[in-house]
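S.K.:
In mature numbering (1 follows the signal peptide of the UniProt record, and there is no 0), the protein residues as written are -25 to -1, 1 to 361.
(1) What three-state label does DSSP hand residue 176 in the structure shown?
(2) Over the uninterrupted beta strand (DSSP E) stretch that includes residue 243, give me the two end residues.
(3) Out of curiosity, what's the CA-to-CA distance linking residue 235 and residue 104?
(4) Under three-state DSSP, which class holds residue 348?
(5) Is it right to say residue 243 is buried, meaning 16 or more other beta carbons lie within 10 angstroms of its own, or is it exposed?
(6) Quick one: grab the DSSP three-state call for residue 332.
(7) Leaving out five residues on either side along the sequence, give the residues of the same chain with a beta carbon under 8 angstroms from the beta carbon of residue 148.
(8) Tell me, which residues are paired with residue 5 by DSSP?
(9) Taking a contact to mean a Cβ-Cβ separation below 7 angstroms, would you say residue 246 touches residue 327 in this structure?
(10) Out of 325, 139 and 32, state which residue places its alpha-carbon closest to the alpha-carbon of residue 218.
(11) Let me make sure I understand the geometry here. Which of 128, 202, 329 and 280 has the alpha-carbon closest to that of residue 163?
(12) Write down the C-beta distance between residue 51 and residue 75 rounded to the nearest angstrom, noting that I regard them as a contact closer than 8 angstroms.
(13) Check whether the Cβ atoms of residue 47 and residue 11 sit closer than 7 angstroms, and answer yes or no.
(14) Taking its Cβ as the centre, do 16 or more other Cβ atoms sit within 10 Å of residue 152, making it buried, or is it exposed?
(15) Helix, strand or coil for residue 137, going by three-state DSSP, please let me know.
(16) Indicate whether residue 91 and residue 288 have their beta-carbon atoms separated by less than 7 angstroms.
(17) Using a threshold of 7 angstroms, state whether the C-beta atoms of residue 198 and residue 14 are closer than that.
(18) How far does the beta strand (DSSP E) with residue 168 in it extend, from its first residue to its last?
(19) Across which residues does DSSP place residue 325 in a beta bridge pair?
(20) Can you tell me the Cβ-Cβ gap for residue 112 and residue 339, rounded? I've got them flagged as a contact below 8 angstroms.
(21) Using 10 angstroms around the beta-carbon of residue 159, count the other beta-carbons present and answer buried if the total reaches 16, otherwise exposed.
(22) Closest to residue 38 by C-alpha separation, out of 108, 62 and 23, would be which residue?
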C-alpha cells in the first residue's frame, strides 16, 4: 500500500469515527420548574408531561436534568447557571413563571444556551433583540389570549371591567395587553387593583372593585393563588361575570375553588378542553391524543395547558435538533448556537396546544389555532363557543 493510499484511508477512518461519535453523542436537556411554592400546580403538571418524553431526541440519547426553583426567580437563576456551567446542558427548558424566565435571560445569553420557556407573557421573547434572542416560548401569548377574551366579552355585552392582577410582571403584562384590546372593543376598565401570590386576604381590593360596579371582573394571575380573589368576590356578593386568564387551567384550581369557581370564563389552549372541541378544530386530533395519553397515566381530569405546553417542547426539540446535528455535535458551543438558529425554523409543526411557525422575529410561532374560550362546568374545563 502506498503512503498516499494509507493516509487517505486513515483520514477516512478518522472522519467516520467523528461522524459516529456525533451520531451517538448524548444530548443534555436542563429543566427548571416550580415544582414547589405558589406555582407548584403549574410546575408539577409540566414535570409529569416531561416524564413521558422518549429517551432519545432525533436519534441521540437524551439526559433530562430536572431542578425545582420553589417558585423563586433567584433560585431559578442559580439552577440555570448550575445546569449550564456544571452539567453542560445543550438547552434549557423552563422556567414556568414570568419573573424567573425574565431573570434567566442573563445566564442563557451569557453562555449562549437556547431556552424554551413555559410562561404566558411574551415579555421574555419580545422584542427579538439582545438577550431575548436566546429565548423561545411554548405557551400562547397573553396578547393572543387577551384578544380572544375581549372578543368574547364584546360579543356578550360586557362594557365595563374591574381588573385585579398579580403585583409582578405577569400582572403587568396582562394589564398592558388587556387594556389595548379593551380599548379596541370599547370596553372600559373602571377599577384596577393588584395582589401578591402569597397574600392571605384581598378584601380591600375586592371591595374597591365591587364599588366600581363593573359588568365583569378579570383576575390576572396563575395557579391556585387566583382562587382567593374569586372566592372573595363571591363571598362579597358580586353577581357579574368573572374572567380568569389561561394561567388557572389546572385541576388544583377547580379542587381548591369548588363551587366558587363554577362558571369561570377563561381563554385557554386546545389541550385543556380537548374532548369538547368542535370536530373541525384544526388542533383537536393532537390535543386529544395527548390528553388521553396523559390522563391514562395520571388520572381522569388531570391534564392541563401547562402539561400540553411541556409536551410540545419534545417535538420542538426533535424538529430543531435533527437539523442542528448536521453542523455540530451536542456538548459544544457550536451545537448550542446551531440549535438556537434551528428553533427559529419550525414550519407547520403540530404540537398538542397548536401549530408552530417560528422565525427570526417570532420565537412563539402560534396563531389563533392555539386560542379558544373555555368555562368551568360541573367541575371540569369545557370549550365555549364564541
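From the three backbone atoms N, C-alpha and C, an ideal C-beta is built for every residue, glycine too. For clarity, every value in this text was computed on a predicted model and none was experimentally measured.
M.R.: Working from what's here:
(1) Locating residue 176 in the chain shown gives position 201, counting from the first residue. Correct three-state label for residue 176: coil.
(2) Taking the chain shown and counting its residues from 1, one reaches residue 243 at position 268. Its beta strand (DSSP E) spans residues 240 to 243.
(3) As a first step, residue 235 is located in the chain shown; it is residue number 260 there, counting from the start. As a first step, residue 104 is located in the chain shown; it is residue number 129 there, counting from the start. Cα to Cα, the separation comes out at about 43 angstroms.
(4) Translated into positions along the chain shown, residue 348 becomes position 373. Reduced to three states, the DSSP call for residue 348 is strand.
(5) Counting from 1 along the chain shown, the entry for residue 243 is found at position 268. With 16 or more other Cβ atoms within 10 Å, it is buried.
(6) Residue 332 sits at position 357 when you count from the first residue of the chain shown. Residue 332: coil per DSSP, three-state reduction.
(7) Your numbering for residue 148 matches position 173 in the chain shown. Excluding sequence neighbours, residue 148 sits near 73, 95, 96, 97, 98 and 117.
(8) Counting from 1 along the chain shown, the entry for residue 5 is found at position 30. In DSSP, residue 5 forms a bridge with 40 and 67.
(9) Here residue 246 refers to the residue found at position 271 of the chain shown. Here residue 327 refers to the residue found at position 352 of the chain shown. For residue 246 and residue 327, yes; Cβs fall inside 7 angstroms.
(10) Taking the first residue of the chain shown as 1, we reach residue 218 at position 243. Selected option, being the one with the closest Cα: 139.
(11) Position 188 of the chain shown, counted from the start, is the residue given in the question as residue 163. Selected option, being the one with the closest Cα: 128.
(12) In the chain shown, residue 51 corresponds to position 76, counting from 1. In the chain shown, residue 75 corresponds to position 100, counting from 1. Right, their Cβ atoms sit about 4 angstroms apart.
(13) Within the chain shown, residue 47 is the residue found at index 72, counting from 1. Within the chain shown, residue 11 is the residue found at index 36, counting from 1. Their beta carbons are not under 7 angstroms apart, which means residue 47 does not touch residue 11 by this criterion.
(14) Here the question's residue 152 lines up with position 177 in the chain shown. Residue 152 comes out buried.
(15) What you label residue 137 is simply residue 162 of the chain shown in a count that begins at 1. If DSSP states are grouped into helix, strand and coil, residue 137 belongs with the strands.
(16) For the purposes of this step, residue 91 is identified with residue 116 of the chain shown, where counting begins at 1. For the purposes of this step, residue 288 is identified with residue 313 of the chain shown, where counting begins at 1. Yes. Within cutoff.
(17) Taking the chain shown and counting its residues from 1, the one referred to as residue 198 is at position 223. Taking the chain shown and counting its residues from 1, the one referred to as residue 14 is at position 39. Yes; because the gap between Cβ atoms is below 7 angstroms, this pair is in contact.
(18) Here residue 168 refers to the residue found at position 193 when the chain shown is read from its first residue. It spans 163 to 170 - the beta strand (DSSP E) in which residue 168 sits, taken as one unbroken run.
(19) Translated into the one-based positions of the chain shown, residue 325 becomes position 350. 330.
(20) Walking along the chain shown from the start, residue 112 turns up at place 137. Walking along the chain shown from the start, residue 339 turns up at place 364. Right, the Cβ-Cβ distance comes to about 5 angstroms (below 8 angstroms), so this counts as a contact.
(21) Walking along the chain shown from the start, residue 159 turns up at place 184. The residue in question, residue 159, is exposed, as its Cβ has fewer than 16 Cβ neighbours within 10 Å.
(22) Along the chain shown, read from residue 1 onward, the residue named residue 38 stands at position 63. Taking only the C-alpha atoms, the option nearest residue 38 is 62.
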